[in-house]
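Residue numbers for the sequence shown, in my numbering: 19 to 291. Just so it is clear, CB atoms sit at the ideal spot from N, CA and C, and this is done for glycine as well. None of these values were measured; they are calculated from a predicted model. Report on the following structure.
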Amino acid sequence: MSQIESFELEISTLKRMRKVWVYLPDKYSESGSGLPVIYMHDGQNLFYDELTAYGKAWHVDKCLDDIYAKTGNSCIVVGVECGQRRMTEYSPWKMSPFPKHDKRHIPKDDANRGGEGAEYSEWFATTLKAYIDGHYNTDKSRTATAVAGSSMGGLISCYLGLNYQTVYETMGLFSSYTDFNRAKFNSFVRNTPQAEAQHAFVYCGGKEWNDAPRDRRMLSQSLRLYDILVNRNVICELVLDSEQPHYETAWEIYFYTFAQEFLSRYYSAKTNG
């Protein structure tokens with residue numbers, strides 16, 4: 019049977035402790051070929067309904083158990099818990115000012131409006147990966163390594179994927195809240211050199227906020243992100259579902275698709291390589 023382990027680890031660049039969950043597939047072994055790894059954010063929302071803020075998890079373990087049962091393909095998943103300063107840790111840039119008539123949620127805490135994403139990402143891509151590679155039987159290559167997240171987790175996953183291309187071959191960008199600082203995010207995605215071949219999975223629901231203007235804006239931003247990635251020659255898949263909200267139940271559905279495609283690509287390359 020698959021299992022889920024957890025431990026505490028310091029985000030050394032920010033001097034904060036954080037809980038980390040690790041999903042290990044059925045028949046995981048400390049010997050033999052190492053397994054690919056999907057690194058994710060908001061780890062408390064990935065496996066257990068009772069740990070989530072809104073009552074539903076992604077059920078990543080069930081998705082991967084099913085993929086393994088059907089295909090024999092498996093991987094490790096690493097999920098890092100978010101902290102109280104989630105908005106700040108998940109964006110390298112400060113939140114852009116919104117017009118007074120804009121009703122978007124603005125964090126009351128000035129310390130939670132972005133700006134620590136670079137430090138978080140440095141730890142995530144280097145120290146965390148080194149720890150996981152040192153304690154589990156992983157395939158350490160970039161083609162075996164993906165990063166994924168939703169909302170602000172999608173923003174920081176895109177930043178990580180493009181800023182650390184030698185680490186991550188694949189990005190899973192679910193309902194990415196790029197409007198946090200649209201100008202700086204789009205400039206980063208457009209202008210960061212593409213040094214390595216990459217894949218990206220871009221997903222957006224049609225009822226993300228259940229507010230037509232905000233829903234259209236998020237759809238527009240997702241389409242722009244897809245276009246920029248394609249223009250960078252990232253092999254990119256765009257998935258839109260007009261009925262889905264900004265919620266874990268939607269991300270569970272499309273995480274299954276993302277993970278299945280990532281693993282199929284990885285194992286096909288190993289077989290044919």
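Unbroken alpha helix (DSSP H) runs of no fewer than 4 residues, entirely contained in the stretch 33–65, are not found. Bounds of the alpha helix (DSSP H) holding residue 153 are 147–153. In the structure shown, residue 179 adopts helical secondary structure according to DSSP, grouped into three states. A straight line joining the alpha-carbon of residue 95 with that of residue 153 spans about 13 Å.
For residue 285, the uninterrupted alpha helix (DSSP H) segment begins and ends at 266–290. Counting along the chain, residue 195 sits inside no alpha helix (DSSP H), nor does DSSP assign it H or E at all. In the DSSP assignment, the residues bridged to residue 165 are 57, 189.
Leaving aside the five residues that flank residue 131 on each side, the residues in its chain whose CB is nearer than 7 Å to its CB run, in chain order, 105, 106, 112, 113, 125. With the rule of 3 Cβ pairs closer than 8 Å, the stretch 282–289 does not count as touching the stretch 190–210. Look at residue 229 here: in three-state DSSP terms it is coil, with no helix or strand label. Every unbroken stretch of the beta strand (DSSP E) spanning 3 or more residues and falling wholly within the stretch 200–253 is given here in chain order: 217–225. Taking the C-beta atoms as reference points, residue 187 is found nearer than 8 Å to residue 163. Within the model, the alpha-carbon separation for residue 254 versus residue 32 is close to 32 Å. For the 8 Å CB-CB criterion, residue 97 and residue 52 do not form a contact. Residue 75 is a Cβ neighbour of residue 266, given a cutoff of 8 Å. In this structure, residue 81 places its C-beta atom within 8 Å of the C-beta atom of residue 273.
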